[in-house]
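Working notes, structure below.
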Amino acid sequence: MTRRTPLLAIAGLVVAVLAALGAFMLVMAQARASDWVQHSLDIQVKLNRLSETVRQAESDTRGFLLTGQARFYDNMESAIRAAPPALDAIAKEVADNPVQADHMVALRKLLDERFASLHETADHFARTQQILHSDPKSRSYGPEQMRRVTDMIGAMLVEEERLQAERRIATDRLIFALGLSLALTVLLVVGVAAVVLRDARRREADLTRMRDTAIAASEGLREQMIAREAAESQTRQLQKMESIGQLTGGIAHDFNNMLAIVIGSLDLAKRKIGGDPETLARYIGNASEGAERAASLTARLLAFSRQQPLAPITIDVNKLVQGMSELLRRTMGEQYMVETVLAGGLWRAFADPGQLENSVLNLAVNARDAMADGGHVTIETANAYLDDEYARQHVEVNPGQYVMISVSDTGTGMTPDVIAKAFDPFFTTKAVGKGTGLGLSQIFGFTKQTGGHCAIYSEPGQGTTVKLYMPRHMGEPTMTSNTLVPESELPQGKAGEVVLVVEDEQRVRHFSVDALRELGYIVISAASGSEALVALREQPQITMLFTDIVMPEMNGRKLADAALALRPDLRVLFTTGYTRNAVVHNGMLDAGVAFLPKPFTVSQLATKVREVMDGGGANRPA
Numbered sequence: 001m002t003r004r005t006p007l008l009a010i011a012g013l014v015v016a017v018l019a020a021l022g023a024f025m026l027v028m029a030q031a032r033a034s035d036w037v038q039h040s041l042d043i044q045v046k047l048n049r050l051s052e053t054v055r056q057a058e059s060d061t062r063g064f065l066l067t068g069q070a071r072f073y074d075n076m077e078s079a080i081r082a083a084p085p086a087l088d089a090i091a092k093e094v095a096d097n098p099v100q101a102d103h104m105v106a107l108r109k110l111l112d113e114r115f116a117s118l119h120e121t122a123d124h125f126a127r128t129q130q131i132l133h134s135d136p137k138s139r140s141y142g143p144e145q146m147r148r149v150t151d152m153i154g155a156m157l158v159e160e161e162r163l164q165a166e167r168r169i170a171t172d173r174l175i176f177a178l179g180l181s182l183a184l185t186v187l188l189v190v191g192v193a194a195v196v197l198r199d200a201r202r203r204e205a206d207l208t209r210m211r212d213t214a215i216a217a218s219e220g221l222r223e224q225m226i227a228r229e230a231a232e233s234q235t236r237q238l239q240k241m242e243s244i245g246q247l248t249g250g251i252a253h254d255f256n257n258m259l260a261i262v263i264g265s266l267d268l269a270k271r272k273i274g275g276d277p278e279t280l281a282r283y284i285g286n287a288s289e290g291a292e293r294a295a296s297l298t299a300r301l302l303a304f305s306r307q308q309p310l311a312p313i314t315i316d317v318n319k320l321v322q323g324m325s326e327l328l329r330r331t332m333g334e335q336y337m338v339e340t341v342l343a344g345g346l347w348r349a350f351a352d353p354g355q356l357e358n359s360v361l362n363l364a365v366n367a368r369d370a371m372a373d374g375g376h377v378t379i380e381t382a383n384a385y386l387d388d389e390y391a392r393q394h395v396e397v398n399p400g401q402y403v404m405i406s407v408s409d410t411g412t413g414m415t416p417d418v419i420a421k422a423f424d425p426f427f428t429t430k431a432v433g434k435g436t437g438l439g440l441s442q443i444f445g446f447t448k449q450t451g452g453h454c455a456i457y458s459e460p461g462q463g464t465t466v467k468l469y470m471p472r473h474m475g476e477p478t479m480t481s482n483t484l485v486p487e488s489e490l491p492q493g494k495a496g497e498v499v500l501v502v503e504d505e506q507r508v509r510h511f512s513v514d515a516l517r518e519l520g521y522i523v524i525s526a527a528s529g530s531e532a533l534v535a536l537r538e539q540p541q542i543t544m545l546f547t548d549i550v551m552p553e554m555n556g557r558k559l560a561d562a563a564l565a566l567r568p569d570l571r572v573l574f575t576t577g578y579t580r581n582a583v584v585h586n587g588m589l590d591a592g593v594a595f596l597p598k599p600f601t602v603s604q605l606a607t608k609v610r611e612v613m614d615g616g617g618a619n620r621p622a
């Protein structure tokens with residue numbers, strides 16, 4: 001026993017030493033495994049923070065593009081500046097892993113490209129207030145860059161998880177081997193295991209807490225994004241309301257001026273009845289001029305809102321411009337040189353010729369006003385093709401073939417800020433009282449309603465070019481005539497011609513009846529569609545139906561259909577101040593329809609009624 005005692009003592013000592021060594025190795029292995037876990041977790045946290053930084057730069061860039069506020073641009077700059085130090089810290093952590101080192105090289109390159117793209121987009125918007133589409137081939141260029149960055153960060157996270165899994169397996173094997181070798185020192189192993197388990201639980205709790213913190217941070221970021229989207233939506237609504245307020249104020253201002261002329265002149269005319277005829281005529285003339293200006297303003301508003309009834313036909317734009325040459329030179333004055341450059345082989349366009357002439361004339365007048373001391377105006381026509389790339393940069397444009405009419409001047413030009421607002425209603429750079437600010441907005445509404453496009457190219461001090469693109473149309477041009485008839489030569493009614501006037505507004509009905517009787521027609525009136533049908537049944541001598549479109553119970557279109565069912569040979573002329581569906585579809589008058597817009601003069605009424613009576617009068621050929 002005494003001999004074995006030292007052996008046992010030695011064996012016990014050896015076992016104790018081995019147990020202590022095994023316990024030490026076990027603790028060291030666990031500590032190293034924990035360090036590797038902490039190391040991988042640190043890398044993952046840094047990668048997630050880098051991902052949040054990149055998303056923050058993206059979000060702030062979108063905020064800047066949507067609102068134009070400088071704080072978003074500054075936040076974007078801060079996020080971009082924070083990225084390189086974060087990359088350096090991650091690169092230091094993964095330097096011992098060749099795979100992750102390669103990933104870092106690729107990630108740096110992708111982030112440099114993405115941040116350069118964000119800078120380019122934001123800087124371009126800051127200069128031009130227009131969003132730059134960087135990739136000439138795809139609208140998804142930016143999202144594709146962001147997807148690559150996200151995929152690369154995801155690949156690094158997956159690599160860290162893989163390494164962590166491998167190290168966990170190796171550590172588990174070592175612990176298992178040490179556990180078997182220390183079977184004789186159960187108490188010591190249990191004690192060490194208790195320490196290890198306690199430490200593992202603490203680390204697990206730390207990991208759980210960090211995970212919960214990361215989830216909470218992610219939820220907070222999501223709530224911030226939702227709040228930012230709500231703020232952006234509110235900002236867009238405020239901008240919309242501001243535009244509506246500007247439009248309403250401009251309309252009220254101009255209509256008040258015109259109504260002041262009408263009301264004041266008519267009041268003075270009433271006071272002068274029985275007095276000087278010339279003074280009376282001047283007051284009535286002033287009232288008529290104010291009313292005509294009000295009617296013109298209404299027409300411009302309908303054009304801007306794309307609700308005017310257009311009568312587009314196939315036209316030869318070269319002939320239209322040639323026919324306007326004398327009018328343009330007379331309007332511009334001798335100190336302005338007007339030159340036309342007409343393209344050979346020009347395609348046919350599909351547009352309302354009267355509105356197109358009015359648009360070209362408005363552009364020429366704007367060009368004249370931009371050259372106070374005289375200058376050169378060039379009106380040019382050409383065939384044009386707006387391709388897919390152009391359509392991507394101008395979302396309202398449909399790619400295809402167009403006929404282009406441009407009006408260029410050598411005037412003062414426009415700044416980018418003025419160009420951005422040029423088509424806004426009631427925006428003008430002219431002095432007070434020199435313009436309504438509806439000219440370009442009317443042209444814009446007309447081109448869009450026609451299915452075309454308009455663009456402005458200008459530089460301060462270098463002049464301005466406005467280009468109108470009218471849709472190409474196949475077929476031969478339709479001949480039209482806009483010759484005005486002198487008041488002394490108004491077409492008169494013929495014997496036996498009877499007109500049925502249908503109008504629910506009493507004063508308008510009385511005016512139409514009196515005007516037609518003045519022109520020599522026999523006139524019957526009705527206040528509704530039902531009264532008109534009764535009159536048609538009882539009086540077969542009625543030659544033409546002259547009806548308002550917007551009426552209660554039965555509109556003019558339905559009345560005309562019912563009347564033609566009774567009298568297929570009946571002539572029909574429609575009139576209204578505003579209509580959207582009865583005889584106008586997609587902004588264009590129905591083919592074969594004769595239409596006289598309100599308000600109209602006796603001269604316009606006489607000409608249109610005569611045309612319809614003679615078997616014509618359709619605003620668009622059938």
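Position one of the sequence shown corresponds to residue 1 (our numbering), numbered consecutively onward.
Beta carbons: idealized from backbone N, C-alpha and C, even for Gly.
In the DSSP annotation of this structure, Asp-102 is not part of any beta strand (DSSP E); the continuous alpha helix (DSSP H) holding it starts and ends at 98-128. As a beta-bridge residue in DSSP terms, Asp-409 pairs with Val-377, Thr-464. Non-local beta-carbon contacts of Ala-618 in its own chain, meaning distances under 7 Å to residues more than five positions away in sequence, involve Gly-592, Val-593, Ala-594 in chain order. Taking Gln-145 as the centre and dropping the five residues before and after it, the same chain places the C-beta of Leu-110, Glu-113, Arg-114, Ser-117 closer than 8 Å to its C-beta, in chain order. Here Thr-547 has Val-502, Gly-556, Leu-559 as same chain residues with Cβ atoms under 6 Å from its own Cβ, once five neighbours each way along the sequence are excluded.
Taking Gly-374 as the centre and dropping the five residues before and after it, the same chain places the C-beta of Gln-335, Tyr-336 closer than 7 Å to its C-beta, in chain order.
Just measuring C-alpha positions, the residue of Ile-313, Asn-358, Arg-348 sitting nearest Leu-328 is Asn-358. Rounded to whole angstroms, the separation of the alpha carbons of Pro-416 and Phe-72 is 22 Å. Per DSSP, Arg-329 is one residue of the alpha helix (DSSP H) stretching across 317-332.
The residue from Phe-24, Met-371, Gln-44, Thr-121 with its alpha-carbon nearest to that of Gly-68 is Thr-121.
In the structure shown, Tyr-73 adopts helical secondary structure according to DSSP, grouped into three states.
In the pairwise beta carbon analysis, the region 389-401 is classified as touching the region 448-459: at least three pairs are separated by under 8 Å.
Between the beta-carbon of Met-371 and that of Gly-411 there is about 4 Å, and that keeps the pair under the 8 Å contact cut. Sixteen is the threshold: when 16 or more other Cβ atoms of the shown chains lie within 10 Å of the Cβ of Ser-441, as they do, the residue is buried. In the displayed model, Leu-41 falls within a helix according to three-state DSSP.
In this model, Leu-107 and Ala-200 are separated by some 34 Å (Cα to Cα). Annotation: Glu-166 to Glu-389 spans about 50 Å, alpha carbon to alpha carbon. Across the set Pro-460, Gln-393, Leu-386, the C-alpha of Pro-460 shows the shortest separation from the C-alpha of Asp-409. Residue pairing for Val-523: DSSP places it in a beta bridge opposite Val-499.
Comparing alpha-carbon positions, the option among Ile-315, Ala-33, Met-332 lying closest to Ile-405 turns out to be Ile-315.
Annotation for Glu-611: Gly-617 place their beta carbon closer than 6 Å to its own, counting only its chain and skipping 5 residues before and after. Beta-carbon to beta-carbon, Thr-381 and Ala-343 are separated by about 5 Å, close enough to satisfy the 8 Å threshold. DSSP places Ile-419 in the uninterrupted alpha helix (DSSP H) bounded by 416-421.
In the three-state DSSP reduction, His-473 falls in the coil class, being neither helix nor strand.
The straight-line gap separating the alpha-carbon atoms of Pro-143 and Arg-55 is approximately 11 Å. For the set Leu-361, Val-94, Leu-47, the Cα lying nearest the Cα of Ala-82 is the one of Leu-47.
A Cβ-Cβ distance of about 5 Å is found for the pair Val-317 and Val-403, placing them in contact under the 8 Å criterion. Counted as a single uninterrupted DSSP element, the alpha helix (DSSP H) harbouring Thr-607 occupies residues 602-613. In this structure Asp-504 touches Ala-527 by the C-beta definition: roughly 6 Å separates them, less than 8 Å. Of all C-beta pairs linking the region 488-498 to the region 508-526, three or more are shorter than 8 Å, placing the two stretches in contact. Cβ-Cβ distances below 6 Å link Ala-420 to Gln-129 in the same chain, with the five nearest sequence neighbours on each side left out; the list follows chain order. The alpha carbon of Trp-36 has as its nearest neighbour, out of Val-498, Asp-88, Ala-231, Arg-203, the alpha carbon of Arg-203. Secondary structure of Gly-445 (DSSP, three-state): helix. In this structure, DSSP gives Met-25 a helical state, which the three-state scheme calls helix. Of the candidates Leu-500, Arg-348, Pro-597, Asp-569, Arg-348 places its Cα closest to the Cα of Glu-476. At the C-beta level, Val-609 and Gly-577 stay beyond 9 Å of one another.
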